[in-house]
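A.B. asks:
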Amino acid sequence: MARMHTRRRGSSDSDKPVADDPPEWSDVDADAVENRVVELAEQGHSPSEIGLKLRDEGVQGTPVPNVQLATDKKVTEILAEHDAASGLPEDFRNLLERAVRLREHMAANPNDAQNKRALQNTEAKVRRLADYYRGDELDADFEYTYQNARELL
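Here my numbering is used: the sequence shown runs in plain steps of one and ends on residue 134.
In structure tokens:
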């Protein structure tokens, strides 16, 4: 069993229910969903936040439980088509934000050993994810440093 930096088991067994068609009660036009996705992105929401807002608030008052079933495209694909996509993958951006926040906390609290360990673990995850994205979403010569992370955010 592969454990990263925690004692918890992870989510390898959790699967979404299989669905090929959007539910009957959610008959929203695909173009309306795409327009709402772009609108929410322009307001500064991330792809996962957009999905949550569409699920909770919906489009024209009708919830959209799954954008991909409603439009045959993922949220990130819709954003890329409309040139509204962020420069960084969302998971990488979230890790960078966490690393920067922890680094600033450590500067103010140098004796906080628990958060020192959390910073080490987070920076290790950032480096591994940077290896994964290097050449595609990141520059081929990208190296993680605190300064680079500050500049990207």
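C-beta: ideal position from N, C-alpha, C; glycine also. Because the structure is a prediction, the values reported are computed rather than measured.
Should F73 and Y127 be called a contact, given that it needs their Cβ atoms to be closer than 8 Å?
C.D. replies: Contact: no.
A.B. asks: Roughly how many whole angstroms lie between the Cα atoms of A135 and R17?
C.D. replies: Not covered by the structure: residue 135. The range shown for the chain is -18 to 134.
A.B. asks: When you compare each of E23, N90, Q41, P46 to L33 by their alpha carbons, which one comes out closest?
C.D. replies: Closest option to L33, Cα to Cα, is P46.
A.B. asks: When the Cα atoms are used, what is the spatial distance from Q49 to D93?
C.D. replies: So the two alpha carbons sit approximately 43 Å from each other.
A.B. asks: Name the DSSP beta bridge partners of L119, please?
C.D. replies: Answer is R115.
A.B. asks: Sorted by chain position, which residues of the same chain lie with C-beta nearer than 6 Å to E71's C-beta, five sequence neighbours on each side aside?
C.D. replies: S27, P28, listed in sequence order.
A.B. asks: Where do the N-terminal and C-terminal ends of the alpha helix (DSSP H) with K55 fall, by residue?
C.D. replies: Per DSSP, K55 belongs to no alpha helix (DSSP H) and is neither H nor E.
A.B. asks: Run through DSSP, which three-state label would T43 get?
C.D. replies: Strand, per DSSP.
A.B. asks: Under three-state DSSP, which class holds G32?
C.D. replies: G32 falls in the helix class under three-state DSSP.
A.B. asks: Within the same chain, show all residues whose beta-carbon is closer than 7 Å to that of E15, passing over the 5 residues directly before and after it, in chain order.
C.D. replies: Contacts found: T52, I59.
A.B. asks: If K106 sits next to L76, beta carbons under 8 Å apart, how far is it from one beta carbon to the other, in whole angstroms?
C.D. replies: Rounded, the Cβ-Cβ distance is 6 Å, consistent with contact.
A.B. asks: Determine, using beta carbons only, whether Q41 and V19 come nearer to each other than 8 Å.
C.D. replies: No, these two residues do not count as a Cβ contact at 8 Å.
A.B. asks: Does M(-18) come out as helix, strand or coil in the three-state DSSP assignment?
C.D. replies: Bear in mind that the predicted position of M(-18) carries a pLDDT of just 46, short of 50, making it unreliable; the figure below should be weighed with that in mind. Looking at M(-18) - three-state DSSP - the assignment turns out to be coil, as it is neither helix nor strand.
A.B. asks: Quick one, which of A111, E132, R131, L134 has its alpha-carbon nearest F123's?
C.D. replies: If we check each option's Cα against that of F123, A111 comes out closest.
A.B. asks: Could you tell me the alpha carbon to alpha carbon distance between T57 and D120, rounded to whole angstroms?
C.D. replies: In a straight line, the C-alpha of T57 is about 20 Å away from that of D120.
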